[in-house]
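Just so we're aligned, residue 1 is where the sequence shown starts under the numbering used here, counting upward by one.
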Amino acid sequence: SGVTVCVLTLAGLQPGSAGDTLLLTRLEKDAAPLSIRIPTARGKVRAGGGRGGSCPPPTPRACGAGVTALFLLQVPLRSVLSDFEAILKEQKEANGCTDKQDWWLRRSQLDHRMKSLIETLETQVLGCWRGALLPAPPQPALDEEVALLHPELGRCGWSHP
1 SGVTVCVLTL AGLQPGSAGD TLLLTRLEKD AAPLSIRIPT ARGKVRAGGG
51 RGGSCPPPTP RACGAGVTAL FLLQVPLRSV LSDFEAILKE QKEANGCTDK
101 QDWWLRRSQL DHRMKSLIET LETQVLGCWR GALLPAPPQP ALDEEVALLH
151 PELGRCGWSH P
């Protein structure tokens, strides 16, 4: 009870190839799974859940199926992943550093870059869908939540089916 699991997966059509789609999946007790497909290239986003059917406007959490949205990714995911790989490579190199002052300087710089990368992922890749990563309130008042989410999703290009 009270546990929400969110998984970000990079998926592709061919095994072993670089993925072209980011899947954000949210699992909660007593709720249909919610999966949001976020293309890594600029374009459409379609979300769907564990059940078929259409979702009443305006929030994807209202039913977990059939949500469609249009918005433009501001930064390609490949760019974010490339930066992440560079940070990991430099982290390995920094771990071999024997000078404490130099190690702390490198560590601080890497931490700053990682913070910036996470902010970019949240704001420019996930965009309005970053809200799907947030935990549900203990006593959700759905009508109030819908009223708050509708304008933000509208700014991201969401329209109900």
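For glycine and all other residues, C-beta sits at the position ideal for the given N, C-alpha and C.
Quick check on the DSSP output: the beta strand (DSSP E) that includes Thr-120 runs from which residue to which? In the sequence shown, residue 120 corresponds to position 120, counting from 1. Following the DSSP letters along the chain, one finds Thr-120 in no beta strand (DSSP E) but inside the alpha helix (DSSP H) bounded by residues 100-120.
If you draw a straight line from the alpha carbon of Arg-130 to that of Leu-117, how long is it in whole angstroms? Looking up residue 130 in the sequence shown gives position 130. Looking up residue 117 in the sequence shown gives position 117. Distance between the alpha carbons of Arg-130 and Leu-117 is about 14 angstroms.
Three or more C-beta pairs under 8 angstroms: does that hold for the stretch 20-28 against the stretch 3-11? When C-beta atoms of the stretch 20-28 are compared with those of the stretch 3-11, three or more pairs fall below 8 angstroms, so the two segments count as touching.
Determine, using beta-carbon pairs with one atom in the stretch 75-90 and one in the stretch 117-126, whether at least three such pairs fall under 8 angstroms. Using a C-beta cut-off of 8 angstroms, the stretch 75-90 makes contact with the stretch 117-126, since at least three inter-stretch Cβ pairs fall below that distance.
CB-CB length for Arg-107 against Ala-94, believed under 8 angstroms: Your numbering for residue 107 matches position 107 in the sequence shown. Your numbering for residue 94 matches position 94 in the sequence shown. Between Arg-107 and Ala-94 a beta carbon distance of about 6 angstroms is seen, short of the 8 angstroms cut, so the two are scored as contacting.
C-alpha gap between His-150 and Leu-22, whole angstroms: One-based indexing of the sequence shown puts residue 150 at position 150. One-based indexing of the sequence shown puts residue 22 at position 22. The alpha-carbon atoms of His-150 and Leu-22 are separated by roughly 23 angstroms.
On a CA-only basis, which of Asp-102, Asp-99, Lys-100, Met-114 is nearest Lys-89? Give me that one, please. As a first step, residue 89 is located in the sequence shown; it is residue number 89 there, counting from the start. Cα-wise, what sits closest to Lys-89 is Met-114.
If distances are taken between C-alpha atoms only, which option among Gln-101, Glu-152, Cys-156, Leu-121 comes closest to Phe-84? Here the question's residue 84 lines up with position 84 in the sequence shown. Here the closest residue by C-alpha is Leu-121.
Leu-195 versus Gly-12, Leu-34, Leu-13, Leu-10, residue with shortest Cα-Cα distance: Because residue 195 is not part of the residues shown, which for the chain are 1 to 161, the question remains open.
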